[in-house]
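A.B. asks: Numbering (this note's numbering), first residue to last: 1033 to 1165.
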């Protein structure tokens, strides 16, 4: 996925006329329920997604999500493949949990580290845990 294609994808997640990421657009892109996204951003309380941009905690969680997707974009041809990987690809280094499960468990930094290592290996021509196609 090119940088320009990723910018278009990112723009599709934006609250129009705002600097915020739209929770509703993320929910639609990932095919998840609103309560699942709320639970990720506030696992011990009730978070709502009534206003267009959600709470500060929710925006932080959404920014972490796009950090992961940004790191993964080089390994995928398009947004659809990238999102499929994020929701479904079992990662051996994390006991075959998916990137979404790791994100939900607030393990963004660990996942980013793995993607960074994978990018270096890919540049060196080695096989990595994420793949094109």
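C-beta atoms are modelled at their ideal positions from N, C-alpha and C, and glycine is treated no differently.
Which residues does DSSP pair with residue 1053 in a beta bridge?
C.D. replies: The count along the chain shown starts at 1 and reaches residue 1053 at position 21. Partner(s): 1046.
A.B. asks: Would DSSP call residue 1065 helix, strand or coil?
C.D. replies: The residue given as residue 1065 occupies position 33 in the chain shown. Coil at residue 1065, not helix or strand.
A.B. asks: Beta-carbon within less than 7 angstroms of residue 1102's beta-carbon, same chain only, minus the 5 sequence neighbours each way: which residues are those?
C.D. replies: Here residue 1102 refers to the residue found at position 70 of the chain shown. Same-chain partners within the cutoff: 1038.
A.B. asks: Which ranges would you report for the alpha helix (DSSP H) in the segment 1088–1139 if only whole runs of at least 4 residues count?
C.D. replies: List check, alpha helix (DSSP H) in window: 1088–1104, 1111–1120 and 1131–1136.
A.B. asks: Judging by CA-CA distance, which residue of 1105, 1061, 1033 and 1137 is the nearest neighbour of residue 1148?
C.D. replies: One-based indexing of the chain shown puts residue 1148 at position 116. Residue 1105 is the option with its Cα nearest to residue 1148.
A.B. asks: So, are the CB atoms of residue 1059 and residue 1098 less than 8 angstroms apart?
C.D. replies: Your numbering for residue 1059 matches position 27 in the chain shown. Your numbering for residue 1098 matches position 66 in the chain shown. No, the Cβ-Cβ distance between residue 1059 and residue 1098 is not below 8 angstroms.
A.B. asks: With residue 1131 and residue 1144 assumed to form a contact (beta carbons below 8 angstroms), what rounded beta-carbon distance in angstroms separates them?
C.D. replies: Counted from its first residue, the chain shown places residue 1131 at position 99. Counted from its first residue, the chain shown places residue 1144 at position 112. The Cβ separation is near 10 angstroms, so there is no contact.
A.B. asks: If you draw a straight line from the alpha carbon of residue 1160 to that of residue 1050, how long is it in whole angstroms?
C.D. replies: Reading the chain shown from its first residue, position 128 is the one you call residue 1160. Reading the chain shown from its first residue, position 18 is the one you call residue 1050. Per-residue confidence for residue 1160 stands at a pLDDT of 47, beneath the threshold of 50, marking its modelled position as unreliable; no derived number is given.
A.B. asks: When the Cα atoms are used, what is the spatial distance from residue 1070 to residue 1034?
C.D. replies: Residue 1070 sits at position 38 when you count from the first residue of the chain shown. Residue 1034 sits at position 2 when you count from the first residue of the chain shown. The straight-line gap from Cα to Cα measures roughly 30 angstroms.
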